[in-house]
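Data block below; observations after.
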Amino acid sequence: MAATDARNKREKPIGRALAAAACALLGRAGTASAADEPSAWSLDTAMLLYKESDSRVQDLSVAVSAIRDFGDQRLLGLSLTADTLTGASASGAIALDKPQTFTSPSGKATYSTPANEIPLDDTFKDTRFAASASWTQPLGRLYTGSAGLSVSGEYDYQHLGGNVSLARDFNKRNTTLSGGVAYSRDDIDPVGGAPTPLSQMPDVGVDFSKTGKQSKDVLDLLVGATQVLGRSTVVRVNYSYSRASGYLNDPYKFLSVVDPTTGDTIAHTPSAGLAGPDGVFLFESRPDSRTKQSVYAEMKHAFGRPVLELSYRYMTDDWNIDSHTLDGRLRWPLGASGYLEPHLRYYTQTAASFYRSSVPLGQSLPTYASSDFRLGQFDGVTAGIKYGFTSDSGSEWSARFEYYQQTGNVPDSMLIGNQLNREQFPDLKAIFLQLGYRFSL
Amino acid sequence: MKPGTTLRREDDHWVGSFAAMACPCELLIEECDESTARELLDVASRRAWWIEQKFSRYRDDNIVHAINAGNGRPVEVDDETANLVDFGATLTEHSEGGFDLTSGVLRRAWTFDGGSRVPDRAQVAELMKRVGWHRAKWNRPLLALEQGMEIDFGGIGKEYAVDTAVRDLLATNTQRSCVVNFGGDLAVTAARQDGRPWLIGVEGCDQPGVARNVLPLLRGAVATSGDSRRFVLHEGRRYSHILDARTGWPVLGAPRSITVLAQTCSEAGSMATLAMLKGVGAEDYLREQSYRFWIQA
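Protein sequences, first through last, are from chains W and F.
Each residue of the first sequence is one higher than the one before, counting from 15 in the working numbering.
Each residue of the second sequence is one higher than the one before, counting from 101 in the working numbering.
Okay, structure coming up:
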């Protein structure tokens, strides 16, 4: 074949030369060409470090998400996350003016907390893997359907979830109404078994009433509306309903049983020859269902190139927790290809009805009790800044730094005797660092 | 609104139409109020007509006529024309002479109307004496063509018009995404407010007017080389309308059409043309370039 020679000779790619010639023709600086063509895959990678002060929880995670465009608005989304959690978290026991000893969750050892410090369980270490996949496509001219699956696993926790949603455009696509359903099932297999709620922390090696695997089911329903208002404003509102049922306890949290006058923990002496806790502690007990409802409103407005995003969420549940979240961020362009984005967030919640800092001896035992600080009253403020930059090849680099401060409060009416003189709700400070890289293949 | 333009509202966008450069031109405008749509249509049509007037080879009052009537004398050209000449010269270089701004005179021998007339070799050979960029003296801003030679921006002018219209539309700062479509060569000005892509149909050769591929386009440009209706069929052999300026004859074995996606319409169009000139090697050539493309054999 005559043409073979010519074809076997590898052609020098001239795309760059052509792009440059076209830019010269149009009298402007060259810009990315790769980024502007719909690529088969677009990938988003991120590394994230969350670190609490006083060597408490530290979480290092790596995430990759990818979107494959199959054309005609059919999209496949995939994501993978791996994270490692280390450090200590508050166990729920109160602080005392003397060191305290506890049996570790495995039931095979003990650990101690210094005097005047809020007890932390520092045996905490976990690695989690999560994966999800979703498919989105138009259904007819005005509908868009989406379905997804998610799985995640830790050594004591497995999650499997699925979701479907449907959106319809109205009013020349200025209005979109959407609805969705998600269902998930989580299996929990705590180290050393799941303790019976309100049972006492045992001595080391004592087989006590623990149950094996536990599970919970969560059903979420969501309806929402998005409205385009004029050229540069978009508003979105959502209502969501979520019902969780099954095992909702944290198997590693417990409460101190205290003297009703002094407020100090009742002493416990381990059986002869055994190690064990030096106080009486009861494993927490939460209701076996929780119904949450929330409304969310978000507004995005472009002032020319800068974009302001404001959102508010109100959540209320049948555990009597009400929360408010206010979030604002402003994306401010820097030069032709960079931006700076300050971020401010405020969160506040009321305590669950069964939240208590301790259980006084001699009073009737409540059905539900937890001293998990996450169920108490607290406020949190996050302040951060993000810088993003789009390179000539069209990929985007970003770095985000945030600072979080949480201030909790246990009402005085809940504290007894000496407890009033000691800090009973740990304040929390944390930093959050994220590096991201987005590119196309 | 300017005479010669029409504007109608479609489901979620406006469609403005007018004729320029001997082809139907369209402007698709993302949802906005009617006065904005009219303003944008005026901007795009004004640019198309301006380019047509300045670079048409059928007029006797423009720069193209001045160059072609130079009879060997250098003619000073303005910056915009000089940029186009430079661009054409670059394409000549990359195609090793296959593309040539002076090949327009070959039209006198070739009429690509779907008919079967093939010119005789002597006629083509005679015209070839007037073709060849190496015969032109280009010393920016002075251009001199030998007597009988003609310059023709037809091969790059339409794509250039699309790109300049995009530039004009962006300069209005209306922040509405538009698709500028001049006779099938098109570009998107900016991402749409709603983040959705424009769906662009790539016309099939077998059924003109029917989109064979639908391409979601967020940004960027698409240009096509080749046309279902412009060919000569002679003794069972199909001659494409892509003439090789080195021979004066159609490129043999070239696909019926090549569509390329790129950052600008000028880049897409020239890539498609360079690929066409590779004839049977067009597809292999395109595979080695980092562009998305569609070929209809």
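Here a beta-carbon is modelled for each residue, glycine too, at the ideal position from N, C-alpha and C.
Beta carbon proximity, residue i to chain F, threshold 7 Å
{"i": "I81(W)", "result": "no"}
{"i": "L459(W)", "result": "In this structure chain W extends from 15 to 455, so residue 459(W) is not present and cannot be described."}
{"i": "E25(W)", "result": "Confidence is the limiting factor: at E25(W) the pLDDT is only 46, short of 50, which leaves the residue's position unreliable, though a coordinate-based value still follows. Output row for E25(W): interface = yes."}
{"i": "E51(W)", "result": "Caution is warranted here: a pLDDT of 42 is assigned to E51(W), below 50, making its placement in the model unreliable, and the coordinate value is therefore given only provisionally. Yes, its Cβ sits closer than 7 Å to a Cβ of chain F."}
Contacts of residue i in chain F (Cβ-Cβ under 8 Å)
{"i": "N188(W)", "result": "E131"}
{"i": "G349(W)", "result": "In chain order: nothing, as chain F lies at least about 18 Å away."}
Contact with chain W by residue i, beta-carbon distance below 7 Å
{"i": "D220(F)", "result": "no"}
{"i": "F187(F)", "result": "yes"}
{"i": "T105(F)", "result": "no"}
{"i": "D200(F)", "result": "no"}
{"i": "D263(F)", "result": "yes"}
{"i": "T181(F)", "result": "no"}
{"i": "T190(F)", "result": "yes"}
{"i": "H194(F)", "result": "yes"}
Environment of residue i [buried if 16+ CB atoms lie within 10 Å]
{"i": "P255(F)", "result": "A small fix is needed here, since residue 255(F) is Gly in this sequence, not Pro. With 16 or more other Cβ atoms within 10 Å, it is buried."}
{"i": "M371(F)", "result": "buried"}
{"i": "A43(W)", "result": "Low confidence applies here, because A43(W) scores a pLDDT of 42, under 50, leaving its location unreliable; read the following figure in that light. Flag for A43(W) reads exposed."}
{"i": "E298(W)", "result": "buried"}
{"i": "V195(W)", "result": "exposed"}
{"i": "L206(F)", "result": "buried"}
{"i": "A287(F)", "result": "buried"}
{"i": "K229(F)", "result": "exposed"}
{"i": "P356(W)", "result": "exposed"}
{"i": "P297(F)", "result": "buried"}
{"i": "D285(F)", "result": "buried"}
{"i": "Y169(W)", "result": "exposed"}
{"i": "V76(W)", "result": "exposed"}
{"i": "D50(W)", "result": "The predicted position of D50(W) is uncertain, since its pLDDT is 40 and thus under 50; no value can be drawn from it."}
{"i": "P119(W)", "result": "buried"}
{"i": "V220(W)", "result": "exposed"}
{"i": "G154(W)", "result": "exposed"}
{"i": "K237(F)", "result": "exposed"}
{"i": "S47(W)", "result": "With a pLDDT of only 38 at S47(W), under the threshold of 50, the placement of this residue in the model should not be trusted, and no figure is reported."}
Residue i: contacting residues in chain W (beta-carbon distance under 7 Å)
{"i": "E367(F)", "result": "L32, A33 and A36"}
{"i": "Q396(F)", "result": "Residues of chain W passing the Cβ test: none, with the nearest at roughly 17 Å."}
{"i": "D111(F)", "result": "K186"}
Pick from the options that is closest to residue i, judged by C-alpha positions
{"i": "G29(W)", "options": "W394(F), A397(F), S390(F) and Q396(F)", "result": "S390(F)"}
{"i": "S325(F)", "options": "D294(F), P297(F) and C365(F)", "result": "C365(F)"}
{"i": "D441(W)", "options": "V424(W), S454(W) and L449(W)", "result": "V424(W)"}
{"i": "A321(F)", "options": "I251(F), T359(F) and A244(F)", "result": "T359(F)"}
{"i": "Y171(W)", "options": "A102(W), D200(W) and E355(W)", "result": "D200(W)"}
{"i": "H173(W)", "options": "L163(W), L180(W) and R182(W)", "result": "L163(W)"}
{"i": "A122(F)", "options": "R240(F), G257(F), G204(F) and N168(F)", "result": "G257(F)"}
{"i": "L449(W)", "options": "D231(W), S105(W), L62(W) and A109(W)", "result": "L62(W)"}
{"i": "A123(W)", "options": "M215(W), Y310(W), Q438(W) and R327(W)", "result": "M215(W)"}
{"i": "L315(F)", "options": "D393(W), A54(W) and S454(W)", "result": "A54(W)"}
{"i": "G101(W)", "options": "V71(W), K112(W), A80(W) and D111(W)", "result": "V71(W)"}
{"i": "L141(F)", "options": "E226(F), D178(F), G116(F) and R292(F)", "result": "G116(F)"}
{"i": "K306(W)", "options": "L354(W), D264(W), T276(W) and S259(W)", "result": "S259(W)"}
{"i": "S79(W)", "options": "A104(W), S148(W), S67(W) and I132(W)", "result": "S148(W)"}
{"i": "T275(W)", "options": "Q438(W), Q151(W) and S372(W)", "result": "S372(W)"}
Partner residues on chain F for residue i, Cβ-Cβ distance less than 9 Å
{"i": "G29(W)", "result": "A362, E367, M371, Q389, S390 and Y391"}
{"i": "S246(W)", "result": "Q275 and Q293"}
{"i": "V242(W)", "result": "E131, Q293 and D294"}
Chain W contact residues for residue i, given Cβ-Cβ distances below 8 Å
{"i": "V314(F)", "result": "G85 and D86"}
{"i": "D344(F)", "result": "Ordered by position in chain W, no residue passes the 8 Å Cβ test against D344(F), which lies about 13 Å from the chain."}
{"i": "Y158(F)", "result": "Neighbours of Y158(F) on chain W: none; closest Cβ ~23 Å, over 8 Å."}
9 Å Cβ cut-off: residues of chain W touching residue i
{"i": "L184(F)", "result": "L39"}
Cβ distance (whole Å) where residue i is taken to contact residue j below 8 Å
{"i": "F118(F)", "j": "T136(F)", "result": "The pair is not a contact, with the Cβ atoms about 17 Å apart (cut-off 8 Å)."}
{"i": "N334(W)", "j": "S308(W)", "result": "Contact doesn't hold; Cβ gap of about 15 Å is too wide."}
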